[in-house]
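Engineer:
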Amino acid sequence: MNEQTSLRNLMVEEIKDLYDAERQLVKALPKMAKGANSDELRALITGHLSETEEQVKRLERAFEMLDEKPRGKHCAGIAGIIKEGSDLLEEDFDGAVMDAGIIAGAQRAEHYEIGAYGSVIAWAKQLGEGELASLLEDTMQEEKNADEKLSALAEGSINSKAAAAAGQRKSTASNGEDRSPRSVPKSRNGGRSKASTRRR
Ligand code: FE
Ligand code: FE
Ligand code: ZN
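Counted the way our numbering counts, the sequence shown spans residues 41 to 240.
#1: Quick check on DSSP: helix, strand or coil for R148?
#2: If I'm right that M72 touches A186 with Cβ under 8 Å, what's the distance once you round it to whole angstroms?
#3: Express the C-alpha separation of A140 and Q95 in angstroms, rounding to a whole number.
#4: If you draw a straight line from the alpha carbon of S227 to that of D132, how long is it in whole angstroms?
#5: Say whether the region 147-155 touches the region 167-175, bearing in mind that this needs 3 or more beta-carbon pairs closer than 8 Å, one atom from each stretch.
#6: Between which two residues does the alpha helix (DSSP H) carrying L89 extend?
#7: From the DSSP output, in three-state form, read off K210 for me.
#8: Taking the runs of the alpha helix (DSSP H) that are 4 residues or longer, which of them lie wholly in the region 107-166?
#9: Could you name the residues of the same chain whose beta carbon sits closer than 7 Å to that of N199, not counting the 5 residues immediately before and after it, in chain order?
#10: With C-beta atoms as the reference, is K97 less than 8 Å away from F103?
#11: So which of E124, D79, L99, A194 has the shortest CA-CA distance to K113?
#12: Are there 16 or more other CB atoms within 10 angstroms of the CB of S90, so buried, or fewer, so exposed?
#13: When you compare only the Cα positions, how much space is there between Y157 and L176?
#14: Under 7 Å from any heavy atom of ligand 2, does the C-beta of G125 make it?
#15: Which one of C115, K123, L65, T86 has the shortest CA to CA distance from K74?
#16: Can you give me the C-alpha to C-alpha distance between A116 and L69, rounded to a whole angstrom?
#17: Whole angstroms is fine: what's the gap from V137's alpha carbon to L190's?
#18: Given 7 Å as the limit, tell me if A102 has its C-beta closer than that to any heavy atom belonging to ligand 3.
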């Protein structure tokens, strides 16, 4: 009995953490979408933003099911992941290289969420809260789908574009000739290599 009470309390704490995490993501995802260069990546992030808004509402229903007030508890984990993402956006990576980095950051967020929802769902089942478990499984599925779509986009096109852009840039630097301006977007120094000054 006592044991059940304490696992229930832990579960409520983690749901508060997720509630805060999802709300942080609702604010952060539009910034990541704005930083994306690929239309496909932007559409993917924007699509997951609407899912995330729905996930916030699902958590409000979860609090209701548990007879708890919907309250967030600062999620330091997702705050750190979001901070790394916004730091990345401040860097000078161009085009597909920036997109590859945005995908890496977004996948860190998805994996964090998948871990947290996985535990909460297992605890809900253990505690006989089947309805709560299946509600949160809908969210879990969306997080997994988002993660898989991000992998498919990276491995299907963005990583190879990013690799090609880097090679292109190297050869631009050595022969002074820009053969493929499309692959050097947003250049602020005449298409010359910035690679040597990139890292601080
Ligand atoms: Fe989420
Ligand atoms: Fe957290
Ligand atoms: Zn997510």
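Cβ coordinates follow ideal geometry from the N, Cα and C atoms, glycine included. Bear in mind the structure is a predicted one, so any value in this text is a computation, not a measurement.
Structural biologist: So, from the listed chains and residues:
#1: helix
#2: M72 to A186, Cβ: 12 Å. No contact.
#3: 26 Å
#4: Low per-residue confidence applies at S227: pLDDT is 43, beneath 50, and the placement is therefore not dependable enough to give any value.
#5: no
#6: 79-105
#7: With a pLDDT of 48 at K210, under the threshold of 50, the modelled position of this residue cannot be trusted; read the value that follows with caution. DSSP places K210 in helix when its eight states are reduced to three.
#8: 116-130, 135-166
#9: A140
#10: no
#11: L99
#12: exposed
#13: 7 Å
#14: no
#15: T86
#16: 17 Å
#17: 14 Å
#18: no
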